[in-house]
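Q:
Put into structure tokens, the structure is as follows:
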């Protein structure tokens, strides 16, 4: 009988978690003895719908990948047998056997706020290495940044109330649920229902009961009493299994040790007000109301504008899938190549997909209160005002960066967001934050375009 | 210096890849000595936007999980120290230490077409076990089913042309990319760019070069020649780096060994026609045109309705994120409980979220050509016409099901789709396939509602 496959990522062979063309190109570069040092930059050409900024996340997992990537003997055997590699030499497979990433990486620290067109990560390495790592880097940065950004919008809408991640069941697989827990925390969430994420990351695990608990006992009151018996200091009860207001009255019977009630369905505005009245009438003003069920930034904004007495929001599907904009279009483009000791700027001209050449840096300009005014993208080494955002994180294959804790990363994000002026971050009709290309960069682009077009378009 | 964390799923402790409330409820059940056998059913209440059916996928990974779930000593230590478990007994943690899933599972085989409201998986186990596995099961089934369904729509639009998965870079993390490769293959794709997925699943790995290859050589023609030199039998060239028609002419210089050209940007309809002319003028009628770049079922349908001479589609972001409908709302609900040897039907009444009680089965009725006419949902053991869709897959913790290969699963899906009449599967304005609840089930529901409301709503 066949054994079911887990499809978990192969920790001993992360090199093959990539697109095939990265490896065919690698073989091609190898056979042509191309050992040029190439620089690729990861950026987002256009922000997704309804987004006016990005909260960068995923760098830690990218660094883990870059410092652990290798090819197992079994994986190499598999590649050897692929028709695509029929002409590849033994030396190439020998090369893969000893493969490590030996390049240098600059990146924006996690939690940094960034904008369209800005390089977020810059990889300089022998071209084969820089090429192979593209797919994984994009995947890990695209997703975590997507979710940290979405979560920051939800947290913004919640105006200081707690927001917690309830999304694993609707994430794109259980692993995505763990990454979502991390990145939504970076965006400002207070905790997650995902136990493994809490365990690995040292963040709060939250949650008490589901409808099935209530249904499993002989009646609702009994189920509430039985829960309180075992968890006297953490009694948060789900009250909508049968009828929400009756549920609130049953919960109130617990008395002053009751910590909170959760409403997961129905008209949350009306129900939260009615439930508050039931609780207050019993002298339970301290009991918190938690709301969940298809919440997002717009619904939370709406509830709070109508004075819903909700203390805390559990957000799932909409946050972990970034439902209104479920993909971030990060790209990874060759911008420079060193050939015979000379740096050659690189760009492509595909319609609507033109890229800027050269190693770049992003300079952020703030006013005297620290509020962000505009960013300038210049080439590396250009003299430009502002705080450079890309920092060295890997030098010659080794991490050269003190990894911040997830609490520090969240602090960076909240601090960055606090300094992003209101018009650039409001939920609807936000203004476009000014990102300027330096004159020097525009000149380099024109030169490169002229040179490359002269060569290629004939 | 801190080490970067991978956040890969813990193979030795999959039990904690769940929501905290599953474990607090488990502790509660344990302390109350609740050893009732419970039955939960996984179903989808409403289909997502633009969907008229589901292609079921993810069962194999669900079975892998159910037969491997356990709790490591370290994870148990972590749980012991959580404030939530302050009152839990040593015996509970001892129980977790020896935890295995010992239940019985019925499921629709992967590749089956299913509809809203139908139980897709049914888990019968001691209530603690059935409860803990909820989160992971939902996550793995929701995502793979979401993508198999989306891919089947794209494959349908492609009318027999190849569709391949290019999506890992935009999937919700690298692991989601692997699951997407699997589930999009089930929905009818011909291969994937994801090397690890191809390796693990035995499906075709596809892809040749990216823009960076073209840019890395001294000019486009040189880059094409250099690629052909190393891969003479697999020369598929990306021609839009600088100018697509010039690219086509450069590619044509390879001569009759050229296998294909890929266009990744611009007006694919116009460009594919112009490129076809360039190739045909050189006698290269056999050279295939591959299109990629933000494709989905609607764009492919549109291209083919306008006679775009495209032979094969590479689809990424839109497929692996199911971008128009990026979440499947699978739920997992308690439907029955055995208490003192008696089966008690269970349901909840939360507004808009009412569930049907009892162990259920889905009976599919087809006409004499095998075309699906309607499904009937009845209770287990009810005498109903039609082919039962839920099959035993795990009995008392052991797999009792011969796992099909992924090719067999794809065959099931394509066969099911072929027997789903056109009105129920067309891309737009599809009709709702008739799913009927049996009279017996309606009666059981009314009885359960009366009984439970009598107890709970006072």
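Residue numbers (the working numbering), protein chains in the order written: chain A, 641 to 1098; chain B, 641 to 1098.
All residues carry an ideal CB built from backbone N, CA and C; glycine is no exception.
In this text, all values refer to a predicted model and were calculated from it rather than measured experimentally.
Please confirm if residue 661 of chain A has its CB atom under 9 Å from at least one CB of chain D.
A: Judged by its chain identifiers, the structure shown contains no chain D, and its protein chains are A and B.
Q: What does a CB cutoff of less than 6 Å around residue 1049 of chain B pick up in its chain, not counting 5 residues either side in sequence?
A: Along the second chain, read from residue 1 onward, the residue named residue 1049 of chain B stands at position 409. Excluding residues within five positions, the ones whose Cβ falls inside 6 Å are 750, 751, 826.
Q: Check this for me: beta carbons of residue 744 of chain B and residue 1039 of chain B, under 9 Å apart or not?
A: Here residue 744 of chain B refers to the residue found at position 104 when the second chain is read from its first residue. Here residue 1039 of chain B refers to the residue found at position 399 when the second chain is read from its first residue. No, the pair does not count as a contact, with Cβ atoms beyond the cut-off.
Q: Measuring straight from C-alpha to C-alpha, what distance separates residue 796 of chain B and residue 705 of chain B?
A: For this step, residue 796 of chain B is matched to residue 156 along the second chain. For this step, residue 705 of chain B is matched to residue 65 along the second chain. Their Cα atoms are separated by approximately 32 Å.
Q: For my contact list, residue 1064 of chain A and residue 692 of chain A are in at a C-beta cut-off of 8 Å; report their separation, rounded to the angstrom.
A: In the first chain, residue 1064 of chain A corresponds to position 424, counting from 1. In the first chain, residue 692 of chain A corresponds to position 52, counting from 1. The Cβ separation is near 6 Å, so the contact holds.
Q: Where does the unbroken beta strand (DSSP E) through residue 983 of chain B begin, and where does it stop?
A: Within the second chain, numbered from 1, the residue matching residue 983 of chain B stands at position 343. Here the beta strand (DSSP E) through residue 983 of chain B covers 982-985.
Q: Is the closest heavy atom of the ligand GTP to the C-beta of residue 1060 of chain B under 8 Å?
A: In the structure on display, the ligand GTP does not appear, and there are no ligands present to speak of.
Q: Quick one: what's got a C-beta closer than 6 Å to residue 845 of chain B's C-beta in the same chain, skipping five residues either side?
A: Start at 1 with the first residue of the second chain, and residue 845 of chain B comes out as number 205. Excluding residues within five positions, the ones whose Cβ falls inside 6 Å are 835, 838.
Q: List the residues of chain A that residue 826 of chain B touches, going by C-beta distances under 7 Å, in chain order.
A: Here residue 826 of chain B is taken as the residue at index 186 of the second chain, counted from 1. Under the 7 Å cutoff, chain A gives no residues; its nearest Cβ is about 13 Å from residue 826 of chain B.
Q: I'd like to check one pair, residue 757 of chain B with residue 1075 of chain B: are the Cβ atoms closer than 9 Å?
A: If you number the second chain from 1, residue 1075 of chain B lands on position 435. If you number the second chain from 1, residue 757 of chain B lands on position 117. Yes; because the gap between Cβ atoms is below 9 Å, this pair is in contact.
Q: Which residues of chain B have a Cβ atom closer than 7 Å to the Cβ of residue 993 of chain A, listed in chain order?
A: Here the question's residue 993 of chain A lines up with position 353 in the first chain. The contacting residues are 905.
Q: Any beta carbon of chain B sitting closer than 9 Å to that of residue 834 of chain A?
A: Here residue 834 of chain A refers to the residue found at position 194 when the first chain is read from its first residue. It does: the Cβ of residue 834 of chain A has a partner Cβ on chain B nearer than 9 Å.
Q: Kindly indicate which three-state DSSP category residue 1019 of chain A falls into: helix, strand or coil?
A: Looking up residue 1019 of chain A in the first chain gives position 379. Of the three classes helix, strand and coil, the one that applies to residue 1019 of chain A here is strand, per DSSP.
Q: In the DSSP assignment, the beta strand (DSSP E) including residue 979 of chain B goes from what residue to what residue?
A: Taking the second chain and counting its residues from 1, one reaches residue 979 of chain B at position 339. Run containing residue 979 of chain B: 970-979, per the beta strand (DSSP E) assignment.
Q: Please classify residue 962 of chain B: is it buried, with 16 or more other beta-carbons within 10 angstroms of its beta-carbon, or exposed?
A: Sequence index remark: in the second chain, residue 962 of chain B carries index 322 (1-based). Label assigned to residue 962 of chain B: buried.
Q: Counting along the chain, where does the alpha helix (DSSP H) carrying residue 834 of chain A start and finish?
A: Translated into the one-based positions of the first chain, residue 834 of chain A becomes position 194. Note, residue 834 of chain A: premise wrong, no alpha helix (DSSP H); not H, not E.
Q: Quick check on residue 1056 of chain B: does DSSP put it in helix, strand or coil?
A: As a working mapping, residue 1056 of chain B is identified with position 416 in the second chain. Of the three classes helix, strand and coil, the one that applies to residue 1056 of chain B here is helix, per DSSP.
Q: Within the continuous beta strand (DSSP E) that includes residue 802 of chain B, where are the two ends?
A: Taking the second chain and counting its residues from 1, the one referred to as residue 802 of chain B is at position 162. Taken as a continuous stretch (DSSP letters only), the beta strand (DSSP E) holding residue 802 of chain B covers 802-805.
Q: Report the option in A:1009, A:1017, A:996, A:994 whose CA atom is closest to the CA atom of residue 1003 of chain A.
A: Translated into the one-based positions of the first chain, residue 1003 of chain A becomes position 363. Of the candidates A:1009, A:1017, A:996, A:994, the one whose C-alpha sits nearest the C-alpha of residue 1003 of chain A is A:1017.
Q: Could you tell me which of B:1001, B:715, B:909 sits nearest to residue 1022 of chain B, measuring between CA atoms?
A: Here residue 1022 of chain B refers to the residue found at position 382 of the second chain. When only C-alpha atoms are compared, the closest one is B:1001.
Q: Let me confirm a value: residue 937 of chain A is counted as buried when at least 16 other C-beta atoms fall within 10 Å, else exposed. Which label applies?
A: Within the first chain, residue 937 of chain A is the residue found at index 297, counting from 1. Label assigned to residue 937 of chain A: buried.
Q: Would residue 645 of chain B and residue 840 of chain A be called neighbours here (beta carbons separated by less than 9 Å)?
A: Residue mapping note: residue 645 of chain B aligns to position 5 of the second chain, counting from 1. Residue mapping note: residue 840 of chain A aligns to position 200 of the first chain, counting from 1. Yes, the pair counts as a contact, with Cβ atoms nearer than the cut-off.
Q: Determine the extent of the alpha helix (DSSP H) in which residue 782 of chain A is found, giving its start and end residues.
A: Counted from its first residue, the first chain places residue 782 of chain A at position 142. Counting along the chain, the alpha helix (DSSP H) containing residue 782 of chain A begins and ends at 774-797.
Q: Pick from A:702, A:1043, A:1071: whose alpha carbon is nearest that of residue 642 of chain B?
A: As a working note, residue 642 of chain B is residue 2 in the second chain. Measuring from the Cα of residue 642 of chain B, the nearest candidate turns out to be A:1043.
Q: What residue range is occupied by the uninterrupted beta strand (DSSP E) comprising residue 871 of chain A?
A: Against the first chain, residue 871 of chain A aligns to sequence position 231. Neither: residue 871 of chain A is in no beta strand (DSSP E) and is coded neither H nor E.
Q: From the DSSP output, read off the bridge partner residues of residue 659 of chain B.
A: In the second chain, counting from the first residue as 1, residue 659 of chain B sits at position 19. In the DSSP output, where bridge partners are listed per residue, residue 659 of chain B has A:834.
Q: Tell me where the beta strand (DSSP E) around residue 681 of chain A begins and ends.
A: Indexing the first chain from 1 puts residue 681 of chain A at position 41. Run containing residue 681 of chain A: 677-684, per the beta strand (DSSP E) assignment.
Q: Which whole-angstrom value is the C-beta distance of residue 807 of chain B and residue 956 of chain B, which I expect to be below 8 Å?
A: One-based indexing of the second chain puts residue 807 of chain B at position 167. One-based indexing of the second chain puts residue 956 of chain B at position 316. That belief holds up - the Cβ atoms of residue 807 of chain B and residue 956 of chain B are roughly 4 Å apart, short of 8 Å.
Q: Shortest alpha-carbon distance to residue 683 of chain B belongs to which of B:786, B:972, B:805, B:654?
A: Residue mapping note: residue 683 of chain B aligns to position 43 of the second chain, counting from 1. That would be B:972, whose Cα lies nearest to the Cα of residue 683 of chain B.
Q: Who are the near neighbours of residue 787 of chain A in its chain, counting only those whose CB is closer than 8 Å to its CB and skipping five residues on each side?
A: Taking the first chain and counting its residues from 1, one reaches residue 787 of chain A at position 147. Within the same chain, residue 787 of chain A has close Cβ partners 697, 819, 820, 823, 824, 827, 959, 960, 962.
Q: Give a yes or no on whether 9 Å exceeds the smallest Cβ distance from residue 896 of chain B to chain A.
A: Start at 1 with the first residue of the second chain, and residue 896 of chain B comes out as number 256. So, not an interface residue.
Q: Which residues of chain A have a Cβ atom closer than 7 Å to the Cβ of residue 658 of chain B, listed in chain order?
A: Sequence index remark: in the second chain, residue 658 of chain B carries index 18 (1-based). The contacting residues are 835.
Q: Helix, strand or coil: which one does DSSP assign to residue 764 of chain B?
A: The residue you call residue 764 of chain B lines up with position 124 of the second chain. Of the three classes helix, strand and coil, the one that applies to residue 764 of chain B here is strand, per DSSP.
Q: What are the boundary residues of the beta strand (DSSP E) that residue 746 of chain B is part of?
A: Mapped onto the second chain, residue 746 of chain B falls at position 106. Counting along the chain, the beta strand (DSSP E) containing residue 746 of chain B begins and ends at 744-747.
Q: Taking the DSSP output, what are the residues bridged to residue 845 of chain B?
A: Your numbering for residue 845 of chain B matches position 205 in the second chain. According to DSSP, residue 845 of chain B bridges with B:832.
Q: Give the residues from the region 809-825 of chain A that approach chain B closer than 7 Å (Cβ to any Cβ), ordered along the chain.
A: From the region 809-825 of chain A, only 809, 810, 811, 812, 813, 814, 815, 816, 817, 818, 819, 822 have a Cβ closer than 7 Å to chain B.
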